[in-house]
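*Asks:* Submitted below is the structure of interest, expressed as structure tokens.
Protein chains: 2
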Amino acid sequence: MFSKPLVAASLEPLMLSLLREGDMYGYQIIQRIKALSDGQIVWTASKLYPLLHKLEATGVVTAVWQPSKNGPDRKYYRLTPKGRQALQQHQREWSDYHALLAKLWGPDLSAT
Amino acid sequence: MFSKPLVAASLEPLMLSLLREGDMYGYQIIQRIKALSDGQIVWTASKLYPLLHKLEATGVVTAVWQPSKNGPDRKYYRLTPKGRQALQQHQREWSDYHALLAKLWGPDLSAT
DNA sequence: GCTAGCTATATCGTTATCTGATATATCCAA
DNA sequence: TTGGATATATCAGATAACGATATAGCTAGC
Numbered sequence: 007m008f009s010k011p012l013v014a015a016s017l018e019p020l021m022l023s024l025l026r027e028g029d030m031y032g033y034q035i036i037q038r039i040k041a042l043s044d045g046q047i048v049w050t051a052s053k054l055y056p057l058l059h060k061l062e063a064t065g066v067v068t069a070v071w072q073p074s075k076n077g078p079d080r081k082y083y084r085l086t087p088k089g090r091q092a093l094q095q096h097q098r099e100w101s102d103y104h105a106l107l108a109k110l111w112g113p114d115l116s117a118t
Numbered sequence: 007m008f009s010k011p012l013v014a015a016s017l018e019p020l021m022l023s024l025l026r027e028g029d030m031y032g033y034q035i036i037q038r039i040k041a042l043s044d045g046q047i048v049w050t051a052s053k054l055y056p057l058l059h060k061l062e063a064t065g066v067v068t069a070v071w072q073p074s075k076n077g078p079d080r081k082y083y084r085l086t087p088k089g090r091q092a093l094q095q096h097q098r099e100w101s102d103y104h105a106l107l108a109k110l111w112g113p114d115l116s117a118t
């Protein structure tokens, strides 16, 4: 289990990287991140949807409703070009932060 | 400049790693992290002291007042054994998170 | 045709967190 | 004696986080 601040810091970048795999709807995203992290990362709806709405409002993703045969309609989210840029910026930021920690913590950090 | 959530997530681990260098007082810590990060990380007093107090309350650091010849007294903080453990745990958590991102983002992440 | 459970999105209201502004005080130089 | 650097500390308004709750479609079993 990751600490609360780390989970908060990782929410948006992880979300964007998931959407790079292709269009996804909220419920699916929750299952996907759980599977990818072997159950280590568990997102809840109240954490997910506000972020998706914000990303949509800022033009980082677009959303389209699609009917489903086995349940309620689904809202599919798609990364926009701006979203890809945002992801790259998150990745750059992450790299920079990692470099800083490596500087402070020594080379053993890279040995992951 | 790091994003707000990332700054929040990094505050405690960075603080502990700074204190591993030796005893430090608050004002000094602010200068030190700024210098180490080449001005990228700028902590404020209102961010710093609440955390230091919390770390002291949980036994992660101890504090002693020391007189100063060129200004007000200084409160020096020292990492306890429990603090070193906490730092190691942060480092482990960081490694795990880094591994997860590497899995999602590809090998280019390690090339920092 | 009822109900239980899964699927699916969404928001509310309380709690927690964050941080700019402010307070207090010492020292030194102009 | 005024201003700036040093030094710690807290408050109060703003922001963010999230468990609980609402709504609703679909399917299976009875």
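Sequence lines, in order, name chains G and Z.
In terms of the working numbering, the first sequence opens at residue 7 and continues consecutively.
In terms of the working numbering, the second sequence opens at residue 7 and continues consecutively.
Beta carbons: idealized from backbone N, C-alpha and C, even for Gly.
Given a threshold of 16 other Cβ atoms within 10 Å of its Cβ, counted over all protein chains shown, does residue 59(G) qualify as buried or as exposed?
*Replies:* Here residue 59(G) is taken as the residue at index 53 of the first sequence, counted from 1. The residue in question, residue 59(G), is exposed, as its Cβ has fewer than 16 Cβ neighbours within 10 Å.
*Asks:* Quick check on residue 52(Z) - is its C-beta less than 7 Å from some C-beta in chain G?
*Replies:* As a position in the second sequence, residue 52(Z) is number 46, starting the count at 1. Output row for residue 52(Z): interface = no.
*Asks:* Taking 7 Å as the threshold (beta carbon to beta carbon), is residue 118(Z) in contact with chain G?
*Replies:* By 1-based counting over the second sequence, the position of residue 118(Z) is 112. In this predicted model, residue 118(Z) has a pLDDT of only 44, less than 50, meaning its place in the structure is not dependable; the value taken from the coordinates is given anyway. With 7 Å as the cut-off, residue 118(Z) counts as an interface residue toward chain G.
*Asks:* Using a Cβ-Cβ cut-off of 7 Å, state whether residue 21(G) counts as contacting chain Z.
*Replies:* Position 15 of the first sequence, counted from the first residue, corresponds to residue 21(G). Taking Cβ atoms only, chain Z never reaches closer than 7 Å to residue 21(G), which makes this a no.
*Asks:* For residue 16(G), count neighbouring C-beta atoms within 10 Å of its own C-beta (all shown protein chains included) and say buried if the count is 16 or more, exposed if not.
*Replies:* Reading the first sequence from its first residue, position 10 is the one you call residue 16(G). The residue is buried, with at least 16 neighbouring Cβ atoms inside 10 Å.
*Asks:* Can you list, in chain order, the residues of its chain with a C-beta nearer than 6 Å to that of residue 11(G)? Leave out the 5 residues immediately preceding and following it.
*Replies:* One-based indexing of the first sequence puts residue 11(G) at position 5. Same-chain partners within the cutoff: there are none.
*Asks:* Taking only runs of the alpha helix (DSSP H) that begin and end inside the stretch 37-78 of chain G, which ones reach a length of at least 4 residues, in chain order?
*Replies:* Within the stretch 37-78 of chain G, the complete alpha helix (DSSP H) runs of at least 4 residues are 51-63.
*Asks:* Chain Z beta carbons: is any one of them nearer than 7 Å to that of residue 61(G)?
*Replies:* Start at 1 with the first residue of the first sequence, and residue 61(G) comes out as number 55. So, not an interface residue.
*Asks:* Can you list, in chain order, the residues of its chain whose CB lies under 7 Å from that of residue 92(G), leaving out five sequence neighbours each side?
*Replies:* Locating residue 92(G) in the first sequence gives position 86, where the first residue counts as 1. The residues are 22 and 66.
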